[in-house]
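Novice:
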Amino acid sequence: MNNFPAFMKVRGRRVVLVGGGDAAVAKARLLIAAGADLAVIGADPAPAILDRAAAGELHAVARPFRAADVRGAALVIGASEDEALDARVAEAARKHGIPVNIVDRPDLSDFIVPSIVDRGAVTVAISSDGASPVLARRLREQIETLVPANLGRLAEFLRSFRGAVKAKIHSFDARRRLWEEVIDGPIARDVLAGRESKAREAMLSRINRPSEQPSSAGHVAIVGAGPGDPELLTVRAVRALQDADVVVHDRLVGDGVLDLIRRDAERIYVGKSMSNHSVPQDGINDLLVSQARAGKRVVRLKGGDPFVFGRGGEELDALRAAGIEASVVPGITAATGCAASIGMPLTHRDHASAVTFVTGHGVDGEPDIDWNALAGERHTLVVYMGLSRAASVAQKLIGAGRGPATPVAIVENGTRTDERVFAGTLATMPEIVKTARVGAPALIVIGEVAALADAARDVALRASAQAV
Ligand SMILES: C[S@@+](CC[C@H](N)C(=O)[O-])C[C@H]1O[C@@H](n2cnc3c(N)ncnc32)[C@H](O)[C@@H]1O
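Under my numbering, the very last position in the sequence shown is 479; numbers go up by exactly one each time.
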């Protein structure tokens, strides 16, 4: 983020807008809507500006700009589309320490005027930091379709009850829960549907019924965060993150996913790497139980799917044993995420009729796996946590009869921006892991389907594999 986002109060304050054409008309419309005491300065004002002046919405000063015009202004906007004039406007504003924006000239501007979705009290502002105004506009169009037209009315309705709710309900958490219940429930739906008096009655009775204040019983949602790309979260996972009081997360959860957590939720990192258990599993279980007993809505956020090599089962057992209400939100596991990312099906009518997920890391090191049962052809084997045992996995499978030329794909940081993929064979796999310095998290996929990975990429990767 290169700029600090802020909304500025201009109601009743002098704002100077220099220009008289289309760009000035567009800016004038927004400044009038925000209640500015607007002076539009330019020798040749468009009829729309003169009309608004006649309606008393702005002062039209129909003469060339003078540096002294900026005096006393809270903001200055240059919309003349004349380079020399824009530069003079920027210079005059700077001289008086007044923030200035020049249309389409980020180099001359102190602030950006974002693309907006305007819903009365609710304004959504979008900026691409000048990188691509068209991209920002596209995003705005998408948001326009998502945000109900009369959201502003709902915001005003909620505002009208703020004082009453504060006076009646003293705990911050209880108030937040009430607001969430109202916004997510029938009261907000009634306002949005225009049934405001019905909503008002329901709201009054809700505020006046303390017995209906939310119970203090906490809840734990064990949520799968997917393999890293935040776009692979489920809708339910996003909602849980937005709803949580506390999020307990580990190392495999990427930053993009953490960005979706409600801003004032507490985050507790219990990061684990293969050989470095910073918080032991029992400690994590105790933490979840104690946070829930304190009445919090807890999200236990885990990489991939919580029930695939994720110890989600143990956490669920501990919560149930402690009598804590718990739910599980599935996530995209690394195998399916990586497979999709590199265009490699895990099963295929012509190449593989079964797929097995195994771990390369057992409770005490070596996993307890029947390699003979997994060595058949047309069988895809996905090895989680297999990097440090790549040589032993290859040796055991070849020993059990799997061909040394069986295709292998290794995906490091699958679905993330720093994803790397390596192609090889069962025989070359240990050497690739070593020479390419493949790092965790990485997945090893063994079987005929590995040869199907994204064709274009595969060519390059085979070249790199041959180089090893
Ligand atoms: C403790 S397991 C957790 C698996 C997780 N519950 C899941 O469903 O994907 C960690 C292993 O998952 C695999 N893994 C997780 N995220 C990955 C990613 N983005 N790319 C490649 N492998 C990943 C790696 O093998 C890593 O060592």
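Glycine residues also receive a C-beta, built at the ideal position from the N, C-alpha and C atoms.
Since we're looking at a predicted model, the values are computed, not measured.
Under 7 Å Cβ to Cβ from VAL460, same chain only, skipping five residues before and after it: list those, please.
Specialist: Locating residue 460 in the sequence shown gives position 449, where the first residue counts as 1. Same-chain partners within the cutoff: MET355, PRO356, LEU357, HIS359, HIS362, ALA363, THR391.
Novice: Would you call the region 239 to 255 and the region 202 to 222 in contact, with 3 or more CB pairs under 8 Å?
Specialist: In short, these stretches do not touch, since the Cβ pair count stays below three.
Novice: Assuming GLY315 and ALA345 make a contact with CB atoms under 8 Å, what is their CB distance in whole Å?
Specialist: The residue labelled residue 315 in the question sits at position 304 within the sequence shown. The residue labelled residue 345 in the question sits at position 334 within the sequence shown. Indeed they touch by this definition, with Cβ atoms about 5 Å apart.
Novice: For the alpha helix (DSSP H) containing LEU383, name the first residue and the last one.
Specialist: Sequence index remark: in the sequence shown, residue 383 carries index 372 (1-based). Checking the sequence shown, residue 383 turns out to be Asn, not Leu. Residues 382 to 385.
Novice: Are the CB atoms of PRO415 and LEU398 within a distance shorter than 8 Å?
Specialist: Working through the sequence shown from its first residue, we reach residue 398 at position 387. Working through the sequence shown from its first residue, we reach residue 415 at position 404. Contact: no.
Novice: Hey, quick one: how far does the beta strand (DSSP E) through ASP254 stretch, first residue to last?
Specialist: The residue labelled residue 254 in the question sits at position 243 within the sequence shown. Careful: ASP254 lies outside any beta strand (DSSP E), inside the alpha helix (DSSP H) at 246 to 254.
Novice: In this structure, does DSSP put SER338 in helix, strand or coil?
Specialist: As a first step, residue 338 is located in the sequence shown; it is residue number 327 there, counting from the start. Three-state DSSP puts SER338 in a strand.
Novice: By the three-class DSSP mapping on this structure, what secondary structure does ILE233 have?
Specialist: Translated into positions along the sequence shown, residue 233 becomes position 222. Strand at ILE233.
Novice: Can you list, in chain order, the residues of its chain with a C-beta nearer than 8 Å to that of ALA251? Leave out the 5 residues immediately preceding and following it.
Specialist: Sequence index remark: in the sequence shown, residue 251 carries index 240 (1-based). The residues are ALA232, VAL234, VAL310, VAL340.
Novice: Comparing alpha-carbon positions, which option in GLY324, ARG278, SER143, VAL393 lies nearest GLY348?
Specialist: As a first step, residue 348 is located in the sequence shown; it is residue number 337 there, counting from the start. The candidate whose alpha carbon is nearest that of GLY348 is VAL393.
Novice: First and last residue of the beta strand (DSSP E) that includes GLU423?
Specialist: Residue mapping note: residue 423 aligns to position 412 of the sequence shown, counting from 1. Start and end: 418 to 423.
Novice: Using a threshold of 8 Å, state whether the C-beta atoms of PRO426 and ILE457 are closer than that.
Specialist: The sequence position of residue 426 within the sequence shown is 415, counting from 1. The sequence position of residue 457 within the sequence shown is 446, counting from 1. One point to set straight first is that residue 426 is Thr, not Pro, in the sequence displayed. No; because the gap between Cβ atoms is not below 8 Å, this pair is not in contact.
Novice: Can you tell me the Cα-Cα spacing of ASP381 and MET396, whole angstroms?
Specialist: Taking the first residue of the sequence shown as 1, we reach residue 381 at position 370. Taking the first residue of the sequence shown as 1, we reach residue 396 at position 385. Near 17 Å, if we compare the C-alpha coordinates of MET396 and ASP381.
Novice: DSSP three-state label for ILE198, please.
Specialist: Walking along the sequence shown from the start, residue 198 turns up at place 187. ILE198: helix per DSSP, three-state reduction.
Novice: Determine the burial state of MET19: buried for a count of at least 16 other Cβ atoms within 10 Å of its Cβ, exposed for fewer.
Specialist: If you number the sequence shown from 1, residue 19 lands on position 8. By the 10 Å Cβ count, MET19 comes out exposed.
Novice: For ASP293, is the classification buried or exposed, using 16 other Cβ atoms within 10 angstroms of its Cβ as the cut-off for buried?
Specialist: Taking the first residue of the sequence shown as position 1, residue 293 is located at position 282. With fewer than 16 other Cβ atoms within 10 Å, it is exposed.
Novice: Secondary structure at GLY354, three-state DSSP: helix, strand or coil?
Specialist: Position 343 of the sequence shown, counting from 1, holds the residue named residue 354. Three-state result, GLY354: coil.
Novice: Skipping 5 residues on each side, what residues in its chain have a beta carbon closer than 7 Å to that of ALA210?
Specialist: The residue you call residue 210 lines up with position 199 of the sequence shown. The residues are PHE168, ILE198, ASP201, VAL202.
Novice: Report, in whole angstroms, the separation of the C-beta atoms of ILE60 and ALA39, which I expect to be a contact under 8 Å.
Specialist: Mapped onto the sequence shown, residue 60 falls at position 49. Mapped onto the sequence shown, residue 39 falls at position 28. Contact flag correct, Cβ pair sits at about 6 Å.
Novice: Using the C-alpha atoms, what's the distance from ASP261 back to LEU330?
Specialist: Working through the sequence shown from its first residue, we reach residue 330 at position 319. Working through the sequence shown from its first residue, we reach residue 261 at position 250. Looking at the two C-alpha atoms, the distance is approximately 18 Å.
Novice: Please state whether DSSP places ALA71 in a helix, a strand or coil.
Specialist: As a position in the sequence shown, residue 71 is number 60, starting the count at 1. The answer is strand: DSSP assigns ALA71 an E or B state.
Novice: Decide if the region 176 to 187 is in contact with the region 122 to 142; the criterion is three or more beta carbon pairs, one per stretch, under 8 Å apart.
Specialist: In short, these stretches do not touch, since the Cβ pair count stays below three.
Novice: Using C-beta distances below 8 Å, list every residue in its chain close to LEU271, excluding the 5 sequence neighbours before and after it, in chain order.
Specialist: One-based indexing of the sequence shown puts residue 271 at position 260. So the list reads PRO241, LEU244, VAL249, LEU252, GLN253, once near-sequence residues are dropped.
Novice: Where do the N-terminal and C-terminal ends of the alpha helix (DSSP H) with LEU49 fall, by residue?
Specialist: Taking the sequence shown and counting its residues from 1, one reaches residue 49 at position 38. First-last for LEU49: 48 to 52, but that is the beta strand (DSSP E), not the alpha helix (DSSP H).
Novice: Hey, could you find the ends of the alpha helix (DSSP H) ASN296 is sitting in?
Specialist: As a working note, residue 296 is residue 285 in the sequence shown. ASN296 -> alpha helix (DSSP H) spans 292 to 304.
Novice: Secondary structure at VAL111, three-state DSSP: helix, strand or coil?
Specialist: Residue mapping note: residue 111 aligns to position 100 of the sequence shown, counting from 1. VAL111: strand per DSSP, three-state reduction.
Novice: Out of GLU92, ILE353, SER126, GLY321, which has the shortest C-alpha to C-alpha gap to ALA434?
Specialist: Sequence index remark: in the sequence shown, residue 434 carries index 423 (1-based). Of the candidates GLU92, ILE353, SER126, GLY321, the one whose C-alpha sits nearest the C-alpha of ALA434 is ILE353.
Novice: Going by Cα to Cα distance, which pick from ASP118, LEU298, ALA351 is closest to ALA420?
Specialist: Within the sequence shown, numbered from 1, the residue matching residue 420 stands at position 409. Considering only alpha carbons, the answer is ALA351.
Novice: Taking buried to mean at least 16 other C-beta atoms within 10 Å of its own C-beta, is ASN14 buried or exposed?
Specialist: The count along the sequence shown starts at 1 and reaches residue 14 at position 3. That one is exposed.
Novice: Excluding the five sequence neighbours on either side, which residues of its own chain have a C-beta within less than 7 Å of the C-beta of ALA90, listed in chain order?
Specialist: Sequence index remark: in the sequence shown, residue 90 carries index 79 (1-based). These residues qualify, in order along the chain: LEU28, VAL29, GLY30, ALA34, ALA35, LYS38, VAL114.
Novice: Can you check which of these residues, ILE295, SER126, GLY131, is closest to GLU152 by C-alpha distance?
Specialist: On the sequence shown, residue 152 is found 141 positions in, with the first residue counted as 1. It is SER126.
Novice: Nearest to VAL366 by CA position, among LEU96, ALA79, ALA386, ALA66, is which residue?
Specialist: The count along the sequence shown starts at 1 and reaches residue 366 at position 355. Looking at the Cα atoms, ALA386 is the closest of the given residues.
Novice: Tell me LYS313's beta-bridge partners as DSSP assigns them.
Specialist: Position 302 of the sequence shown holds residue 313. Note: LYS313 sits in a beta bridge opposite GLY235.
Novice: Would you decide whether LYS313 is buried or exposed? Buried here means 16 or more other CB atoms lie within 10 Å of its CB.
Specialist: As a first step, residue 313 must be located in the sequence shown, where it is residue number 302. Result: buried.
Novice: Have a look at ILE455 and ARG448 and give me their C-alpha separation to the nearest angstrom.
Specialist: Here residue 455 corresponds to residue number 444 of the sequence shown, with the count starting at 1. Here residue 448 corresponds to residue number 437 of the sequence shown, with the count starting at 1. Using only the alpha carbons, I get a separation of about 14 Å.
Novice: Whose C-alpha, out of ALA95, ARG99, ILE137, VAL145, is nearest the C-alpha of ALA17?
Specialist: Within the sequence shown, residue 17 is the residue found at index 6, counting from 1. Nearest C-alpha to ALA17: ILE137.
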